[in-house]
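What follows is a single structure, written as structure tokens, with notes after it.
Written out as structure tokens, the structure is:
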């Protein structure tokens, strides 16, 4: 009888564990990404979240950008397999940006100069959207969910009102579509955090010394206009200006290579020197103290299809502007030592037990 | 015996009627509308389809435009109740256009002159999007379906590949969202038919003598750019230029008033003199011979947010243009007598038995 | 003594003849033209003024447009020699439009479709601006004045304040430059009359069925913006909409061919069937009763460099607009019989005695 | 006797020095300015040239910008009187920019946020263009020349082909008008040097942390497009990015205050702490070694009238661009010590003998 009671108690504890204060405080996050693979800034940011015990990744919603969405799905599924986190749902989202197109971008380049990087449209890397080449890191065995990324976003913010952080490391097409399909997404989300935009920086953008033409925002400017004009509770932006203060150096790679996890091996084999665009945006959610200087600004994007198409526009907080301008907290400096330490720890440590394994069974 | 055979034959005919070539040829149509009510050009076009034995209305997908989408749903449900066609699914779609907004339109008007009509944003008619005033024609007892208009469109074109006519009488927000959520909508649809745009006409638009600023297209220009740049099998356009050649006169109203159906009474009470914008677009599906002059043109829309925002742009077929321009068949003249006759007949006759009642039981 | 008085009187009369009521009423006009030759609509309008006893042509100021300005000068000088009006000063003006360029227009065409006519930039007719080919009508012996067209315009409106009609049959570059060099040109001129713009018409423009892209205005849109935003006492516009109601037919040519003047012979040899764009604008100055319908509208031009670049924009008079919109009287219909009669008479009759010959000597 | 000969020789050398090879190499310069007074960055740059023995200032051509052109003329004449250089011609130029206007700028600000400085249009400083308030430094006794600035520019480059440096410290309206009136200005000038534009800098512009909206270029964007698209032999740009590395400090003022010239007293009384925008551009002509880092870039301006209107656009030299983009040498860093020393020396020393006094008499 006592044994039975003990078993009952254990069962009850397990049963209610997800509701315990500790776990209830884990941040619920949807990671919306244009997840180039293997081992890009996109993928590393996904893996940081997957490796962190401090967030519950509700799902990874993919969007074309750095690559086409189907190829991204393969890389993401494979990376999660390697990290032992196939419990995290992966969902396919928008294949094309709202209005921008490969063809329009080529006409634009003839007028204003060739872009240095165009993601899935980059000529030297181009293949049709349905093609998924063999993956150097091995093809995945797992599959994406059947649900569309846009519907998943809507369902999650409705399931967990005021709890979900929408974290966007790619073009904002999925989030724009979700807003326009269900306008309440905006009021139901807890916060929007994104890597995108550029202010006054002479590198890190796709138009070379013009840092205001940042890839994520340029790929789908109209989506940015939709998303950035919506009345979110809070918007946090990691712009190019802070990205270029970081670098995934050989030293960082070497520190992670000391670990013998499959993930660390994947990192060692495929990661390469690069600004750590999305990793900063991820780190700032996991440990906000990493950011040492940020500023509230009105931020949006130029959507006229001339010289300025896809460039960040911004105004100081004290300036009177129409209500479609929204204030965002823009990160401008960080504690790189703290940031690199967090990154190395997350990429080196064993995967956390998935939520289901710990609480839901 | 002979009589029995005759009865058997009749029974067999009835039994297999739904499968007969005649019914199999009934056009499957999704009616996408910004259905102002009661008894507007929007609603009359819906009722023409509902009254016609020649089409199978898969559903009516609503979109904000002439009114907010929730108010439109009430009017549409009520009109279908009156017409005895509550079997037709009604589905709510986009509440807001993609990028355009009431606020932006007001800033635009301060620069380029007040617009004569702005649909749900018209100052003298304005109320918030969630408000549904009491309906003069009586509030509906039926409800819209739970499915979102965008998902319904996607599901139907996938259920009936190459069979579904997407017929759009309002802003193109729903169809644009459907395309961007599922790019295959374009190749799976049979045809796109729409009322919208304006060419060289000095009335019928919302900017008065400038007929190129047509309401449907102006309300969501970016949606038009998305939809009109997609590779549909066929695009048919009913522009303002042909609309203004028609008028819902007292004579037409009197002819319909001779009928004693609930629908005819509704028409008599609420319909008013107006160009018959959407009724032409509906009639041309039901009887293409009504159109007496049409022209293939490249047609799209100006989406720069200056003087031209929302204006139709167009080029002749023989001109070399980039591939984002698509050819559309644009209607420029009609046989008004034939058109009015069809309209009077449809609005006067009893409702056809719903599809389910005739074939599916 | 009496004889002396008589002589004195005669001398005084001769002295003050230019100020006599009759002559004082002759309208002083500067004809600003992109004078293609021989015998184009441009040249015919110049010749109508040169042939008319009702106007005093202060000078012909040339501007690149239909041809380069230097080639136009040769044709104009020759035409005036043939008409016996080499007393009229011919002055060279702007060689290039303010901002628009051949190169930009070619990039535009790649996006929005080839233009049917581009004046001096038309590929099949192109030669560099300094080249003046041999003239089929014979090369001129006279020369243009040394003064620049812009300075001549400024000097004349200052010499004859409130008397000078600025009549523009070509791009508005010269007038825009004059305004910006001397802002008082606007208040000192009596009236601005111009051929340009298009409203709702499916022919007569350079973009084929899009009549709003009219050549004169398209060639230098920024000049139009400058000129049309200035506070002239009066602006009168002859748009494409009225031009296409006329035609220089074989009958008209035959009627003129009955005359045996050098001018009539020139007309017979070189004039060809065409809308009579500029001839209407000239006729309406000479006999305003030719115009049977005109409307006051706010008229300006789209100067964003996208789809709408160079298109006429307009708003009705009753609409509230910012003060940069100015009201213009736009001609929409005419008495073609009266117009053709005037044209035939002017082109058939002998040249009027030059002003100098009648009054100033 | 020998001593006397020596003195004679010295006197003769002094006498004929203006004709010596050394002086023949004095750079001929036209200083085109929006010369706010008293003692602004505009005026200081004029005075640097006026004080320098190394340049021959052919004339100062004024243009509205920081103030209206008539008020600027009064300040400039007065400053030259104080400096003892009334021999330098002062010429009035454009009163208004080509297309931009106070009214348009106010509509723009309502959309994109109030500008911090608008020159003659700044609300707190505004008066009509014809008003010239009493000057705190005393009203001038001298007068501007009768010739228009535009004509002076044309005449000078024709008088001294390939010798004249067009130096522009204000909006480019005058130079744009000169080019369009006489296209040969471009090939006849020796070089274009200008203060204007901004790249990646978070101060120094008129839209606060957006340094790409620099006052001179913003005031007349279309003029910049015209001037920057022309095939000059050489274009040198002093952008905001380098301006903000300097400051007219109290120390510099104190150093100049040690001098007892009228000019030094004027400086002491009226100069105030400020970035030294135009002084750098002047210094770099007088002593190019002051600039320590410069880069060749394609530079132009956004002239669509939306969010980007008046912003600098630029592309690296190695990027393929259409021929309307021209390469400019853009200054990015300087030797501030050397710069301040030059400035202090020029503002402290006695005026050089005018050219006429030294050489032409």
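Residue numbers (our numbering), protein chains in the order written: chain A, 262 to 622; chain B, 262 to 622; chain C, 262 to 622; chain D, 262 to 622.
The beta-carbon is built from N, C-alpha and C at its ideal position, and this holds for glycine as well.
Computed from a predicted structure; not experimentally measured.
The Cβ atoms of residue 390 of chain A and residue 479 of chain A lie no closer than 8 Å to each other. A direct Cα-to-Cα measurement between residue 432 of chain D and residue 500 of chain D gives close to 13 Å. If you draw a straight line from the Cα of residue 603 of chain D to the Cα of residue 544 of chain D, it is about 7 Å long. When the Cα atoms are used, residue 350 of chain D and residue 452 of chain C turn out to be separated by approximately 36 Å. The beta-bridge partner set that DSSP reports for residue 587 of chain D consists of D:560. Pairwise C-beta distances place the segment 483 to 502 of chain A out of contact with the segment 400 to 411 of chain A, as fewer than three of them are shorter than 8 Å.
If the five residues before and after residue 553 of chain C are omitted, its C-beta is found closer than 7 Å to the C-beta atoms of 594, 595, 596, all from its own chain and listed in chain order. Residue 567 of chain C reaches chain A at 565, 566, 567, counting residues in chain order whose Cβ is nearer than 9 Å.
Under the DSSP assignment, residue 575 of chain A falls in the beta strand (DSSP E) whose first and last residues are 573 to 577. The beta carbon of residue 471 of chain B sits closer than 8 Å to some beta carbon of chain C.
Around residue 585 of chain A, the beta-carbon contacts reaching into chain B at under 8 Å are 362, 364, 365. A Cβ-Cβ distance of about 18 Å is found for the pair residue 306 of chain C and residue 459 of chain C, leaving them out of contact under the 8 Å criterion. Proximity of the segment 471 to 489 of chain D to the segment 359 to 377 of chain D meets the contact definition, three or more beta-carbon pairs being nearer than 8 Å. For the C-beta of residue 463 of chain C, the chain B residues within less than 8 Å are, from N- to C-terminus, 460, 461. Beta bridge pairing from DSSP links residue 430 of chain B with no other residue.
Taken in chain order, the complete alpha helix (DSSP H) segments of 4 or more residues contained in the segment 335 to 421 of chain A are 363 to 373, 410 to 420. For residue 524 of chain D, the uninterrupted alpha helix (DSSP H) segment begins and ends at 523 to 531. Not a single C-beta of chain C is nearer than 8 Å to the C-beta of residue 536 of chain B.
The residue among D:311, D:313, D:298 with its C-alpha nearest the C-alpha of residue 332 of chain D is D:298. Secondary structure within the segment 442 to 520 of chain C: the beta strand (DSSP E) runs of 3 or more consecutive residues, fully enclosed, are 452 to 456, 496 to 499 (chain order). Contact with chain A is absent for residue 517 of chain B, since none of that chain's Cβ atoms lies less than 8 Å from the residue's Cβ. Residue 469 of chain C and residue 475 of chain C have their C-alpha atoms some 10 Å from each other. Residue 542 of chain B sits away from residue 300 of chain B, with the two beta carbons spaced by 8 Å or more.
Under DSSP, residue 438 of chain C forms no beta bridge with any residue.
Interface criterion met: the Cβ of residue 577 of chain D is under 8 Å from a Cβ in chain A. Within 10 angstroms of the beta-carbon of residue 313 of chain A lie 16 or more other beta-carbons, which makes it buried. For the pair residue 441 of chain A and residue 589 of chain A, the Cα-to-Cα distance works out to about 21 Å. For residue 372 of chain C, the neighbours in chain A by C-beta distance under 7 Å run, in chain order, 368.
When beta bridges are read from the DSSP output, residue 321 of chain C appears opposite C:292, C:351. For the C-beta of residue 486 of chain D, the chain C residues within less than 7 Å are, from N- to C-terminus, 360. Pairing residue 580 of chain B with residue 556 of chain B gives a Cβ-Cβ distance that is not under 8 Å. Secondary-structure assignment with DSSP links residue 594 of chain B through a beta bridge to B:554. Annotation for residue 529 of chain C: 514, 517, 518 place their beta carbon closer than 7 Å to its own, counting only its chain and skipping 5 residues before and after. Taking C-beta separations shorter than 7 Å and ignoring five residues to either side along the sequence, the partners of residue 569 of chain B in its chain run 563, following chain order.
Selection B:289, B:467, B:396, B:315 evaluated against residue 340 of chain B yields B:396 as nearest (Cα-Cα). With its beta carbon less than 8 Å from one in chain B, residue 444 of chain A belongs to the interface.
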